[in-house]
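In order, the protein sequences belong to chains G and A. With numbering that gives the first Met the number 0, the residue at position 127 of the first sequence is 126, and numbering never jumps. With numbering that gives the first Met the number 0, the residue at position 152 of the second sequence is 151, and numbering never jumps. Glycine residues also receive a C-beta, built at the ideal position from the N, C-alpha and C atoms. Notes follow once the structure below has been shown.
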Amino acid sequence: MNKIRNGSEQTPFLSSLTPPAEAFPATSDQAATLIIDCNTSVGDGRNWEPKERLVNYDPETLLRYSAEAGIQRSCIMSTRKVLSMSASFYKEENREIARLCEKHPDKFIGFAVHNPQAEEGTLRRILIEEVRSMGLKGVRTDGHPTREVLDAVAELNIPVMYYPNLTGFYPPDSSGSREFPGPTSAYFLMATTYPSVNFILPHLGCYRSVQFWTAHIEAIELAKRFPNVYLETSGVMTHKYLEMAAAEVPSEKLLFGSNALEEDPRVEMHIVKLLKLPKPQETAVLGGNIRRLLPHFDA
Amino acid sequence: MSEKYESSRREFLTRSGALLFAGALSHSEGLATGPPATTVAKEEGKVPVIDCHAHVGIAEDLVDPWDTLADAEVLLQHAEEAGVDKTVIFPINNKSYIKANEFIAQTCQRYPGKFIGFARHSAYTEHYPIRPLLFHEIHDLGLRGLKLHDQPSEEILDAVKELDIPILAHLERVEDFEEFVPRYPTINFIVAHLGGEMSADVDEHLAAIDLAKRYPNVYLDSSIVLITKYLEMAIEKLGPEKVLLASDGPDGDIRLDIFKIRVLKLPKKDEEKILGANILRLLGGSRRIS
């Protein structure tokens with residue numbers, strides 16, 4: 000059905016090297032000053048990066064570190080699990096996220112997590128319920144976004160976060176190699192086909208800045224080309240690529256995220272402050288920009 | 000938050016001065032097998048902040064950033080912003096390190112007081128006697144330690160033992176250190192990246208902490224640790240005498256790595272050890288440094 004929420008926003012291939020000014024409408028003072036961490040995980044799960052292991056991220060620790068870092072809201076989502084979980088499993092995980100948001104309404108903004116491949120055929124109905132009835136404000140997909148999920152996302156007007164280079168999603172081939180593509184091939188068609196959907200590319204396109212460090216350059220080019228591709232700042236180990244992004248990408252396209260509690264939100268906050276952006280731009284990166292992508296979030 | 004913390008830290012250092020520094024050294028004498036603390040200049044009023052792991056030089060490959068160029072000016076700029084007084088530098092990847100080590104010595108001379116030069120060698124790519132080179136580099140060029148990126152030969156280890164210099168090594172696995180550390184108890188070994196760069200394998204962080212726990216002459220550098228709770232764990236399990244501030248600059252960034260230590264809000268004298276006193280002790284004190 001490929002339902003696009005606002006057809007007039009459609010961007011033809013290669014036509015938007017710089018985003019139009021109207022893509023970034025002015026925000027209210029309140030929205031602009033709220034400091035929001037757009038990428039945190041809570042609860043138990045499994046992490047493949049850097050090495051497969053069990054993890055458990057405590058929401059109370061997240062709150063403590065975030066308060067120390069001056070973060071006022073955190074977008075929380077469930078920790079990654081194995082890939083073959085059933086649809087009902089994600090539903091229960093997201094319900095727990097919604098419960099945590101109810102418990103800390105002034106601290107947490109809930110994102111759903113879904114696997115478009117494992118939940119094929121049922122995902123749309125569940126996601127609509129999670130956003131409309133349970134109050135979740137965005138979605139992270141663990142697995143490549145399909146038309147099913149992006150149609151629902153467009154209909155709901157929520158952002159979608161997707162990291163295409165995740166080792167766990169590209170198991171070693173027969174030679175033991177873990178070659179995986181950079182973000183360009185994953186994002187080019189999605190961003191072109193769904194111009195009304197706002198995509199969040201985590202880790203400036205390359206977690207830990209290793210193996211395929213050129214993925215940072217690809218991410219920067221994607222954000223420059225597509226008005227609807229945003230770059231999240233966490234897990235970038237080679238700081239000069241963040242400086243490159245800050246210099247080359249409009250500051251409206253950068254979103255502060257910490258990837259807590261895998262990383263420390265206090266450290267990730269310091270990393271963004273090191274960019275020494277002019278105050279209005281820094282404020283936008285630290286919260287104003289993600290706030291604009293969350294139309295269902297009422298501060 | 001960090002500015003306020005920094006200013007109180009500096010104030011504390013100014014007030015406490017040499018007395019605190021001497022105390023920190025004597026407290027850790029039992030751990031060190033290197034030169035005694037008495038070689039430290041007592042007139043030093045402040046423990047210098049030292050980044051013990053950075054690269055300078057050019058290489059031929061032009062394939063990856065770390066095989067292309069490491070600019071001393073970038074290191075100096077980041078060090079100044081981070082409040083770092085001195086930086087230990089050594090070459091980036093080359094096949095032969097003869098010219099690259101000379102370049103390190105020249106860089107140290109070009110920026111007096113800013114850099115401490117280490118030689119770098121490889122028993123795998125340099126097919127000639129390394130011992131006379133290393134003696135020349137330490138005695139004539141003024142380099143102060145050795146950086147390794149692969150397993151050292153007996154020739155290298157024997158020369159290092161005789162020269163009484165520390166080795167900073169990034170080997171493939173932490174367990175590779177077991178092959179030679181027990182046989183060279185008088186050499187101080189610094190394990191790079193808390194055992195695993197960018198936390199690529201957190202089990203390597205655990206292995207490095209275990210290694211440093213078992214051997215008094217094994218230390219860990221703090222550079223490019225992504226999952227910073229392992230830094231906290233290392234300091235908790237080993238004490239502040241065993242962890243050394245490091246950045247792996249200029250691809251790593253000392254402004255980030257120093258914050259990862261400061262955010263732990265350690266007691267000031269513990270923080271001073273990590274930020275400078277430990278590497279100073281392994282190098283034989285500030286007199287030999289200057």
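* Does DSSP put ALA20(G) in a helix, a strand or coil? -> Low confidence applies to ALA20(G): its pLDDT is 41, below 50, so where it sits in the model is not reliable, and the reading given next is rough at best. Three-state result, ALA20(G): helix.
* What residues of chain G sit near MET232(A), judged by a beta carbon separation below 8 Å? -> Per Cβ cutoff of 8 Å: no residues; MET232(A) is ~13 Å from chain G at best.
* Can you check whether the CB of ARG265(G) is closer than 7 Å to the CB of VAL262(A)? -> yes
* To do: State yes or no: is the C-beta of ALA190(G) within less than 7 Å of the C-beta of VAL228(G)?
  => yes
* For ARG109(A) and LEU281(A), the rounded distance between their alpha carbons -> 24 Å
* Asked: What did DSSP end up calling ILE127(G) once you bin it into helix, strand or coil?
  -> helix
* Taking 8 Å as the threshold, find out whether the stretch 238 to 251 of chain G comes into contact with the stretch 204 to 219 of chain G through three or more Cβ pairs. => yes
* Asked: Are the C-beta atoms of LEU162(A) and some chain G residue less than 7 Å apart?
  -> no
* Tell me, which residues are paired with PHE117(A) by DSSP? -> GLY144(A)
* **Segment contact, 8 Å Cβ cut-off, at least three pairs: the stretch 253 to 268 of chain A with the stretch 221 to 236 of chain A** => yes
* Asked: Can GLY251(A) and ILE223(A) be called in contact, C-beta distance under 7 Å?
  -> yes
* May I ask you to list the residues that DSSP assigns as paired with GLY195(A)? => According to DSSP, GLY195(A) bridges with nothing at all.
* Give a yes or no on whether the minimum CB-CB distance between THR301(G) and chain A is below 7 Å. => Any question about residue 301(G) goes unanswered here, given that chain G covers just 0 to 298.
* Asked: Residue ranges of each beta strand (DSSP E) run of no fewer than 3 residues wholly in the stretch 191 to 251 of chain A, ordered along the chain?
  -> 217 to 220
* **Whole-Å CB distance - ASN38(G) paired with PRO201(G), under 8 Å assumed** => 6 Å
* Asked: Does any C-beta atom of chain G lie closer than 7 Å to the C-beta of ASP250(A)?
  -> yes
* **Three-state secondary structure assigned by DSSP to PHE225(G)** => coil
* Asked: Is it right to say LYS98(A) is buried, meaning 16 or more other beta carbons lie within 10 angstroms of its own, or is it exposed?
  -> exposed
* State whether the stretch 123 to 135 of chain A contacts the stretch 171 to 185 of chain A, with contact taken as three or more CB pairs (one from each stretch) at a distance under 8 Å. => no
* To do: Out of LEU273(G), GLU67(G), LYS136(G), LEU230(G), state which residue places its alpha-carbon closest to the alpha-carbon of ASP297(G).
  => LYS136(G)
* Proximity to ASN216(A) [Cα-Cα], best of LEU142(A), GLY141(A), PHE188(A), LEU74(A) -> PHE188(A)
* Asked: Using a beta-carbon distance below 7 Å, is VAL330(G) in contact with chain A?
  -> Because residue 330(G) is not part of the residues shown, which for chain G are 0 to 298, the question remains open.
* **Beta-carbon spacing of MET236(G), ARG207(G) below 7 Å** => yes
* Inter-residue Cα distance where the pair is PHE179(A) and ALA81(A) -> 35 Å
* To do: Below 8 Å between beta carbons is the criterion; list the residues of the stretch 54 to 66 of chain A that meet it against any residue of chain G, in chain order.
  => ASP63, PRO64
* Do you know whose CA, among MET268(G), LYS278(G), PHE110(G), lies nearest LEU292(G)'s CA? -> PHE110(G)
* Asked: Can you give the Cα-Cα distance for GLY286(G) and CYS205(G), rounded to whole angstroms?
  -> 22 Å
* Going along the chain, which residues of its own chain have a beta-carbon closer than 7 Å to the beta-carbon of GLU231(G), five neighbours each way excluded? -> CYS37, ASN38, ILE199, LEU200, PRO201, HIS202, LEU254, GLY256
* Asked: Around the Cβ of PHE291(A), are there at least 16 other Cβ atoms within 10 angstroms (buried) or fewer (exposed)?
  -> No statement about residue 291(A) is possible, as the shown extent of chain A runs from 0 to 289 and does not include it.
* To do: At 7 Å on the CB atoms, spell out the chain A contacts of ARG290(G), in chain order.
  => Chain A residues near ARG290(G): none, gap ~23 Å exceeds 7 Å.
* Decide if the stretch 72 to 79 of chain G is in contact with the stretch 89 to 103 of chain G; the criterion is three or more beta carbon pairs, one per stretch, under 8 Å apart. => yes
* Is the shortest distance between the beta-carbon of THR227(A) and the beta-carbons of chain G less than 7 Å? -> yes
* Can you tell which of ALA185(G), VAL130(G), ARG79(G) has its C-alpha closest to the C-alpha of ASP141(G)? -> ARG79(G)
* **Bridge-paired residues (DSSP) for ASP36(G)** => SER73(G)
* To do: Name, please, each residue of chain G whose Cβ falls closer than 7 Å to the Cβ of ILE223(A).
  => MET236
* Compute the Euclidean distance between the alpha carbons of LEU53(G) and ILE157(G), then round it to the nearest angstrom. => 30 Å
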